Structures are given as structure tokens and as C-alpha cells.
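Residue numbering for the sequence shown follows the numbering used here, beginning at 6 and increasing consecutively.
The C-beta atom is built at its ideal place from N, Cα and C for all residues, glycine as well.
Note that this is a predicted model, so its numbers are computed, not measured.
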Amino acid sequence: MRKIFGIGETIYDILFRQGQPVAAVPGGSVFNGLISLGRTGLDCTFITEIGADLVGQNILNFMRENGINTDYVSCYQGKKTAISLAFLDENNDAHYSFYKDYPNNCLDFEMPFIQENDIVAFGAYFALNPVLKDKVRPFLNYAKQQGAILYYDLNFRDNHAHEVDSLRDTFKENFAIADIVRGSHEDFINVYGHDDCGRIYDEISEYCPRFICTRGKEGVLVIDDGKEYSFRSHPIIPVSTIGAGDNFNAGILYGFVRDNIRKENLDNLSQDDWSRLIGYGIEFGTEACMSTSNYVSADFAKRYKISR
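Printed below as a string of C-alpha cells:
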């Protein structure tokens with residue numbers, strides 16, 4: 006079976022509603038999607054960092070219980086695993102405060118064995134952070150050289166918006182190495198100051214021809230080599246939107262494996278191909294919104310199970 010690799014942060018999310026804690030779950034943008042994919046039976050490996058503390062050990066156990074290979078997790082002695090406080094507003098959208106205790110420029114890991122048509126997911130500030138660039142960039146370059154499909158999710162939050170000008174070149178590098186670029190309309194507002202998808206695609210298409218914009222209840226827009234496709238979201242009342250985009254990504258990657266879409270197929274994806282892929286993304290993202298968990302439920306994953 007093709008393998009899925011993710012590289013990104015691992016964090017422990019504590020959720021608050023009306024000032025009171027209501028849930029606490031392991032999280033992280035790439036992490037959330039990989040947990041859902043592991044639950045469907047896919048072969049997933051995560052490259053990340055945690056503290057050598059009780060929270061970190063619990064997260065390691067959680068990853069293993071959900072089928073994630075943890076051989077490439079950096080565990081820092083004497084450091085605490087990152088924590089986020091996620092405050093849910095009246096729409097159950099989250100506003101964050103982050104607390105981290107990691108040394109700069111660590112993330113020591115051996116390169117995993119990647120084969121042609123394996124899939125690599127990366128994104129968020131982890132893929133932009135200047136102190137991690139010398140660790141993340143060689144891995145992405147290696148994956149590209151091996152013929153993997155690289156999926157980039159901007160996931161660029163407003164707490165880093167003040168850094169956007171200094172990160173422009175890194176954004177472009179990420180676009181150039183990616184086979185697919187995905188972002189929410191909020192991400193694009195934080196990066197470009199607007200969410201006009203046509204104008205944004207004109208810039209990104211210089212580097213990557215496949216672009217996905219998720220727009221919440223307004224649906225999903227795909228632009229592939231200049232061809233536009235629109236898809237509707239499911240009308241729901243979410244319990245939490247924290248894992249929505251992460252699990253949308255998981256659905257897309259699940260579709261690549263389920264429908265056997267390989268690197269050589271990317272230049273010839275039809276409207277029907279995109280309809281199936283986005284359909285998986287919407288199903289996974291919708292499911293994740295229906296609880297305070299950051300991932301799809303075990304019952305949902307069972308219906309999408311793929312045997313190794």
C-alpha cells in the first residue's frame with residue numbers, strides 16, 4: 006500500500022466554551038488529518054516533536070493506538086509538550102493561545118524511506134518557521150525527488166499575519182514544491198489581504214497549477230490548470246470547527262489512495278475526479294465538525310476502511 010507521511014506540529018488542545026473547559030484532545034493541523042487516515046487503515050507516518058512529559062507520552066500512545074508510525078517523533082528531554090487554548094465563539098469557531106517550550110532548530114530525525122506515489126502532507130506555520138526551515142526543506146526536497154505527491158495546506162492563522170511580508174519567499178518555495186495547494190478563505194485573507202480566488206490563483210499558478218479554496222458554508226472552489234469547479238458544503242450546525250480543514254485534507258488524501266490517483270494522473274484530473282476527491286474531503290471535514298474531537302469518529306472511519 007502507498008504510504009502517507011505528514012510533517013508538522015503536535016499540540017495538546019484544550020477547548021473552552023463560554024470561558025469553561027469542555028474538552029482536551031491531541032491536535033495539530035497535519036496531526037489531525039493523519040489520525041483520521043490512520044483510523045481508516047491507511048499506512049501513516051508522522052514527523053513531529055513533543056516534550057518528554059506525561060502529555061507527550063499520552064500523545065505518543067494515542068498516535069500508536071490509531072495506527073500512526075511514531076519512529077520519527079523528536080522527544081525533548083526536560084521540555085514540555087506544546088499546549089493550545091482554543092476558545093470557541095458563538096459559531097463554534099476557535100480562537101487560539103499557544104504555549105511552547107521547545108528548543109530552536111532541533112527536530113532531529115532520519116529521512117524515512119519514501120517511494121514514488123507516496124503522499125506527503127505539510128503546512129501551517131511549521132512549514133514556514135525560519136528556525137525549522139533547515140530541517141523541513143531537505144525532507145520536502147527529498148520527497149519530491151522520490152516522486153511523492155506533496156499536498157500543502159497554508160493553514161496560516163491571523164496570529165502570524167504580522168510576519169507575512171517576511172515569509173513571502175517561503176510561501177513561494179512551498180507553492181513551488183507542492184503538487185496541490187489548499188487554503189481556507191481566511192488563510193488567503195491573512196496572506197493576501199483578500200480572498201478573490203481568481204487573483205490568488207494567478208499568483209500561485211506560477212508555481213503550482215492545482216488550487217483548492219475552502220469557504221465554509223459557501224462550499225469549495227477548485228482551480229486546476231485554469232479550469233474552475235465549484236462544490237457545495239453540507240448544511241450543518243457544527244459542534245467545533247477546529248478539525249474541519251484538517252479533515253477535509255484527510256479526505257482528499259484518502260481519495261488519492263482509494264481511487265488510485267497517482268503522480269502521473271495529476272495533470273489529467275477530470276471534473277469527475279475532482280468531484281469524488283472533494284466529496285471525500287467534505288464528508289471527512291463535516292464529520293469532524295460534529296464533535297469536540299479533532300478527527301473523524303471510529304464509526305465513520307469503519308465505513309471508509311481500507312485494508313493494508
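Asked                                                                                                                                                       : Found
Taking the alpha-carbon of Leu-271 as reference, which of Val-225, Asp-207, Ile-154 and Arg-162 has the nearest alpha-carbon?                               : Ile-154
Which of the three DSSP states is assigned to Gln-151 in this structure?                                                                                    : coil
Considering Cα atoms alone, identify which of Ala-91, Ile-209 and Asp-58 is closest to Gln-25.                                                              : Ala-91
In angstroms, rounded to a whole number, what distance separates the CA positions of Ser-280 and Asp-58?                                                    : 44 Å
Which full runs of the alpha helix (DSSP H) of 4+ residues lie inside the segment 160-192, going along the chain?                                           : 173-182
Skipping 5 residues on each side, what residues in its chain have a beta carbon closer than 7 Å to that of Asp-113?                                         : Ser-79
If Asn-164 sits next to Ile-247, beta carbons under 8 Å apart, how far is it from one beta carbon to the other, in whole angstroms?                         : Between Ile-247 and Asn-164 the Cβ distance is about 15 Å, and since that is not below 8 Å, they are no contact.
With distances taken between CB atoms, is the gap from Phe-253 to Arg-187 smaller than 9 Å?                                                                 : yes
Can you look up Cys-294 in the DSSP assignment and give me helix, strand or coil?                                                                           : coil
Between the Cα of Ile-19 and the Cα atoms of Ala-87, Gly-56, Gly-46 and Arg-220, which residue gives the shortest distance?                                 : Ala-87
Going by beta-carbon coordinates alone, are Gly-46 and Lys-310 separated by less than 9 Å?                                                                  : yes
According to DSSP, what are the bridge partners of Pro-26?                                                                                                  : Phe-21
Can you give the beta carbon distance from Leu-172 to Gly-128, rounded, assuming they're within the 8 Å contact cut?                                        : About 13 Å separates the two Cβ atoms, so there is no contact after all.
Going along the chain, which residues of its own chain have a beta-carbon closer than 6 Å to the beta-carbon of Val-227, five neighbours each way excluded? : Ile-217, Tyr-234 and Trp-279
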